[in-house]
Amino acid sequence: MAASKVYFTDMRCPVGTSLLDKLDKLICKAGIEQINFENKFTAIKLHFGEPGNLSFLRPNFAKRVADRVKALGGKPFLTDCNTLYVGSRKDALEHMTAANENGFSLVSTGCQIIIGDGLKGTDDVEVPVKNGKILKSAFIGRAIMDADVFISLTHFKGHELTGFGGAIKNIGMGCGSRAGKMAMHCNGKPTIDPEKCRGCRMCTRFCAQNAISLTDHKAHIDHALCVGCGRCIGVCNFNAIENSIDANSDDVNCRMVEYAKAVVDGRPHFHISIVNQVSPCCDCHGENDAAVVPDIGIFASFDPVALDHACIDAVNAAPIISSSVIGQNEHAHGDPFKAVHPTTNWHSQLEHSEAIGLGNMAYELITL
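Below, the structure written as structure tokens:
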């Protein structure tokens, strides 16, 4: 298999040069204009950032990508799906409020925000996973699957479970509905906290397996009937239902890869990763630690696997920032994310991706 092309530009901007202009030049050189955008709904998938976190991508990057899509005749919208955990993005109202708080709006980005899996994270589509080795289907946000063209715009950083969060994670985990995130994160079943349960019966209405019943005005889940879809978590208004995250790094990575393949199969897709403010943990946190390596640059490719491989190679080759969490760790050089999260295995993301045909680990780096 021929190496996939990955295009790169650094963050240097002499006086008179704009980083946004460099981004636009990069994605055009990488071939985004080859896609037929004419009157096509185009999902631009990114992470709006948990409020309190300051390492997420600035809205300016999203606007420049959206502007290019519009110039090519497309109809772009920004999107992400609701979170499984309790935070500021667990339903569409809170999610859009968080996005607005972090600067994402029609004015700042030039396009609308649509939360991919609806108000409570239950508006999804079951999509086949071609060549899936673990999963036969994936639950993806309906608005994302309704789009004609898919673009990922990713902040490349570390992650406490998957090793790093790049294009594959942005697509796979990010596009899964709450049921989908449950399928990726968890091999177990949800549980109910009786202290928080109000006995409202909302969960019983949405359980297709009739696995939830009430005893003494408190809900109870029969795990013999439960299939672990996570819909009850999405509809509980009192955060009384929790998932049990018991999958290891390799298992989550492989499931996440299969979800990413379900998202991109059968339609045009293009991927951009920005490697700056490389925080050790995910942008889902309500805070961010200091970057572990200096800002590196912007990468773009039609192949999300080659893209992630190029990004991780660049991070691993970069000098460690001495004031970061791993600054004094002599083992951090060459694999800073492994140094931060020693129980993770980011290699499994790339290896499983290539095994099921999501993309190609071999890449040709073209520097602009």
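Residues in the sequence shown are numbered from 0 upward in steps of one, following numbering that gives the first Met the number 0.
Note that beta-carbon positions come from the ideal geometry of N, C-alpha and C, so glycine has one too.
**Asked** Identify the residues that DSSP records as bridge partners of Ala218: which are they?
**Response** Within the sequence shown, numbered from 1, the residue matching residue 218 stands at position 219. As DSSP reads the structure, Ala218 sits in a beta bridge with Leu213.
**Message:** Just to confirm, is the Cβ distance from Met221 to Ala210 under 8 Å?
**Reply:** For the purposes of this step, residue 221 is identified with residue 222 of the sequence shown, where counting begins at 1. For the purposes of this step, residue 210 is identified with residue 211 of the sequence shown, where counting begins at 1. According to the sequence provided, residue 221 is Asp. The question's Met does not apply to it. Yes, these two residues count as a Cβ contact at 8 Å.
**Message:** Need the endpoints of the alpha helix (DSSP H) that Ala259 sits in, please.
**Reply:** To locate residue 259, count along the sequence shown from 1; it is residue 260. 248-263 is the extent of the alpha helix (DSSP H) around Ala259.
**Request:** Evaluate Ala354 with the Cβ neighbour count: other Cβ atoms within 10 Å of its Cβ, from every protein chain shown; 16 or more gives buried, anything less gives exposed.
**Result:** Within the sequence shown, numbered from 1, the residue matching residue 354 stands at position 355. Ala354 sits exposed, since fewer than 16 C-beta atoms from the chains shown fall within 10 Å of its C-beta.
**Prompt:** Between the stretch 116-126 and the stretch 62-73, do three or more beta carbon pairs fall short of 8 Å?
**Reply:** At 8 Å Cβ cutoff, the stretches do not touch.
**Alpha-carbon to alpha-carbon, Pro303 and Leu22** = On the sequence shown, residue 22 is found 23 positions in, with the first residue counted as 1. On the sequence shown, residue 303 is found 304 positions in, with the first residue counted as 1. Leu22 and Pro303: Cα-Cα distance of roughly 17 Å.
**Spatially closest choice to Ser54 from His268, Cys283, Gly162, Cys199, by CA coordinates** = The residue labelled residue 54 in the question sits at position 55 within the sequence shown. With distances taken between Cα atoms, Ser54 lies closest to Cys283.
**Prompt:** So Glu49 packs on Arg11, CB below 8 Å; how close in whole Å?
**Reply:** In the sequence shown, residue 49 corresponds to position 50, counting from 1. In the sequence shown, residue 11 corresponds to position 12, counting from 1. By a beta-carbon distance limit of 8 Å, Glu49 does not contact Arg11. Their separation comes to about 30 Å.
**Message:** Do Ile150 and Cys174 have their beta-carbon atoms positioned less than 8 Å apart in this structure?
**Reply:** Residue mapping note: residue 174 aligns to position 175 of the sequence shown, counting from 1. Residue mapping note: residue 150 aligns to position 151 of the sequence shown, counting from 1. Cβ atoms of Cys174 and Ile150: not closer than 8 Å.
**Asked** Which residues bound the beta strand (DSSP E) around Ile113?
**Response** Working through the sequence shown from its first residue, we reach residue 113 at position 114. The continuous beta strand (DSSP E) containing Ile113 extends over residues 111-114.
**Request:** Take the Cβ of His101 as the centre, count every other Cβ of all protein chains shown within 10 Å, and call the residue buried at 16 or more, exposed below.
**Result:** Walking along the sequence shown from the start, residue 101 turns up at place 102. His is not the amino acid found at residue 101; the sequence shown has Asn there. Classification for Asn101: buried.
**Prompt:** Around the Cβ of His371, are there at least 16 other Cβ atoms within 10 angstroms (buried) or fewer (exposed)?
**Reply:** This structure leaves residue 371 out entirely; the chain is present only between 0 and 367.
**Asked** Would the beta-carbon of Phe163 fall within 8 Å of that of Phe336?
**Response** As a position in the sequence shown, residue 163 is number 164, starting the count at 1. As a position in the sequence shown, residue 336 is number 337, starting the count at 1. Contact: yes.
**Message:** Only counting the same chain, and skipping five residues up and downstream in sequence, which positions put a Cβ closer than 6 Å to that of Asp307?
**Reply:** On the sequence shown, position 308 is the one that residue 307 refers to. Sequence-distant Cβ neighbours of Asp307 in its own chain, meaning closer than 6 Å and more than five residues away, are Gly165, Ala166, Ile167.
**Asked** Between the stretch 287-305 and the stretch 321-336, do at least 3 Cβ pairs fall closer than 8 Å?
**Response** Inter-segment contact for the stretch 287-305 and the stretch 321-336 is present: three or more beta-carbon pairs are separated by less than 8 Å.
**Prompt:** What number of angstroms, rounded off, separates the C-alpha of Gly264 from the C-alpha of Ala61?
**Reply:** What you label residue 264 is simply residue 265 of the sequence shown in a count that begins at 1. What you label residue 61 is simply residue 62 of the sequence shown in a count that begins at 1. Here residue 264 turns out to be Asp, not Gly, going by the sequence shown. So the alpha carbons of these two residues sit roughly 23 Å apart.
**Identity of the residue in Ala97, Thr78, Phe36 nearest Gly86 by Cα** = For the purposes of this step, residue 86 is taken as the residue at position 87 of the sequence shown. Cα-wise, what sits closest to Gly86 is Ala97.
**Request:** Could you spell out where the beta strand (DSSP E) holding Asp90 opens and where it closes?
**Result:** For this step, residue 90 is matched to residue 91 along the sequence shown. Per DSSP, Asp90 is not a residue of any beta strand (DSSP E), being assigned neither H nor E.
**Message:** Which of the three DSSP states is assigned to Val124 in this structure?
**Reply:** In the sequence shown, the residue the question calls residue 124 occupies position 125. Here Val124 carries a strand assignment [DSSP, helix/strand/coil].
**Prompt:** Tell me, which residues are paired with Lys74 by DSSP?
**Reply:** For the purposes of this step, residue 74 is taken as residue 75 along the sequence shown, with counting starting at 1. Looking at the DSSP assignment, Lys74 forms a beta bridge with Phe40.
**Asked** Are any of the Cβ atoms in chain B nearer than 8 Å to that of Ala218?
**Response** The structure shown has no chain B; it contains just one protein chain.
**Prompt:** So, helix, strand or coil for Gly179, using DSSP?
**Reply:** Numbered from its first residue, the sequence shown carries residue 179 at position 180. If DSSP states are grouped into helix, strand and coil, Gly179 belongs with the helices.
**Residue range of the unbroken alpha helix (DSSP H) whose run includes Arg173** = One-based indexing of the sequence shown puts residue 173 at position 174. Note that residue 173 is Gly in the sequence shown, not Arg. Its alpha helix (DSSP H) spans residues 166-174.
**Request:** Let me know if Asn236 comes out buried or exposed under the rule of 16 or more other beta-carbons within 10 Å of its beta-carbon.
**Result:** Translated into the one-based positions of the sequence shown, residue 236 becomes position 237. By the neighbour-count rule (16 or more Cβ atoms within 10 Å), Asn236 is not buried but exposed.
**Message:** Quick check on DSSP: helix, strand or coil for Thr153?
**Reply:** As a working mapping, residue 153 is identified with position 154 in the sequence shown. When secondary structure is reduced to three states using DSSP, Thr153 falls in the strand class.
**Asked** Looking at the unbroken beta strand (DSSP E) that takes in Thr8, where does it start and where does it end?
**Response** Position 9 of the sequence shown, counted from the start, is the residue given in the question as residue 8. 3-9 is the span of the beta strand (DSSP E), which, as asked, contains Thr8.
**Item:** Burial state of His216 (16 or more Cβ within 10 Å)
**Value:** Residue numbering aside, residue 216 sits at position 217 when the sequence shown is read from its first letter. So His216 counts as exposed.
**Asked** So what does Gly140 bridge to, in DSSP terms?
**Response** As a working mapping, residue 140 is identified with position 141 in the sequence shown. Bridge partners of Gly140: Asp123.
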